[in-house]
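Mapped onto full-length UniProt numbering, the consecutive letters of the sequence shown carry residue numbers 1 to 158.
Positions of the beta carbon are idealized from the N, C-alpha and C atoms, including for glycine.
Source: prediction; values computed, not measured.
Notes to accompany the following structure.
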Amino acid sequence: MHIRQVPFDHPDAVKLNDQVQAEYHVRYGDGGDATTLAPEDFEPPNGVFLIAYDETDAPVATGGWRARNANGEGNLDGDAELKRMYVVDVARGRGLARRILAALEDNARTAGRSRMVLETGNKQPEAIALYTSSGYEPCVKFGYYRFHEDSRCFAKPL
Numbered sequence: 001m002h003i004r005q006v007p008f009d010h011p012d013a014v015k016l017n018d019q020v021q022a023e024y025h026v027r028y029g030d031g032g033d034a035t036t037l038a039p040e041d042f043e044p045p046n047g048v049f050l051i052a053y054d055e056t057d058a059p060v061a062t063g064g065w066r067a068r069n070a071n072g073e074g075n076l077d078g079d080a081e082l083k084r085m086y087v088v089d090v091a092r093g094r095g096l097a098r099r100i101l102a103a104l105e106d107n108a109r110t111a112g113r114s115r116m117v118l119e120t121g122n123k124q125p126e127a128i129a130l131y132t133s134s135g136y137e138p139c140v141k142f143g144y145y146r147f148h149e150d151s152r153c154f155a156k157p158l
């Protein structure tokens, strides 16, 4: 497996984003994550988007971060917000999400961000397990879903 940095609107990123949105819809029945994202959110040095490719060069995992600073949605100066972490079904259980997460944390730290934050939901127990086992702790809710009962927010100092 190898990890490549790609634009958020790269065809492989769009394909995997569509798949993760479909999974969110199955789990929550709401059509997917309604958080507004734009390709420029993931342009260095204010963010990055990564895709992991398998030995056949098929895209199998993804994730990105975008810079966030103090705002009316609960972010703090220096935040790097984790977005669109996803591993395709056939590639799960191989540690790909953990590798993507570590690469994103390293990248955000190098870009000068001080804290990685993320929002997930209570119907994604495997995501919560990944984040808590990687040193993330519950934090004050932020972002689009901060008032939703199913929302869970986590943070980790970088």
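Between the CA atoms of residue j and residue i - distance to the nearest angstrom
{"i": "residue 13", "j": "residue 156", "result": "25 Å"}
{"i": "residue 76", "j": "residue 70", "result": "4 Å"}
{"i": "residue 82", "j": "residue 120", "result": "10 Å"}
{"i": "residue 10", "j": "residue 42", "result": "12 Å"}
{"i": "residue 98", "j": "residue 20", "result": "17 Å"}
{"i": "residue 2", "j": "residue 146", "result": "34 Å"}
{"i": "residue 18", "j": "residue 139", "result": "28 Å"}
{"i": "residue 135", "j": "residue 27", "result": "25 Å"}
{"i": "residue 161", "j": "residue 103", "result": "The question about residue 161 has no answer, for the chain in this structure spans 1 to 158."}
{"i": "residue 29", "j": "residue 5", "result": "31 Å"}
{"i": "residue 141", "j": "residue 24", "result": "19 Å"}
{"i": "residue 49", "j": "residue 137", "result": "23 Å"}
{"i": "residue 96", "j": "residue 52", "result": "8 Å"}
Residue interval of the alpha helix (DSSP H) (run including residue i)
{"i": "residue 109", "result": "96–110"}
{"i": "residue 25", "result": "11–28"}
Same chain, Cβ closer than 8 Å to residue i, five either side skipped, listed in chain order
{"i": "residue 115", "result": "76, 78, 79, 80, 155, 156, 157, 158"}
{"i": "residue 66", "result": "37, 41, 42, 46, 47, 80, 81, 83"}
{"i": "residue 54", "result": "1, 60, 91"}
{"i": "residue 7", "result": "13, 39, 42, 43, 49"}
Cross-strand partners of residue i (DSSP beta bridge)
{"i": "residue 151", "result": "121"}
{"i": "residue 141", "result": "In the DSSP output, where bridge partners are listed per residue, residue 141 has none listed."}
{"i": "residue 81", "result": "66, 117"}
{"i": "residue 39", "result": "Per DSSP, none; premise fails for residue 39."}
{"i": "residue 52", "result": "3, 61"}
{"i": "residue 90", "result": "Beta-bridge pairing links residue 90 to no other residue."}
{"i": "residue 47", "result": "66"}
Segment limits, beta strand (DSSP E) that includes residue i
{"i": "residue 62", "result": "59–68"}
Any C-beta of chain C under 9 Å from that of residue i
{"i": "residue 29", "result": "Of the protein chains in this structure there is only one, and it is not chain C."}
Same chain, Cβ closer than 7 Å to residue i, five either side skipped, listed in chain order
{"i": "residue 122", "result": "150, 152"}
{"i": "residue 108", "result": "65, 80, 116, 158"}
{"i": "residue 128", "result": "120, 152"}
Beta-carbon contacts of residue i that lie in its chain and below 6 Å, excluding the five residues immediately before and after
{"i": "residue 68", "result": "75, 79, 81"}
{"i": "residue 88", "result": "60"}
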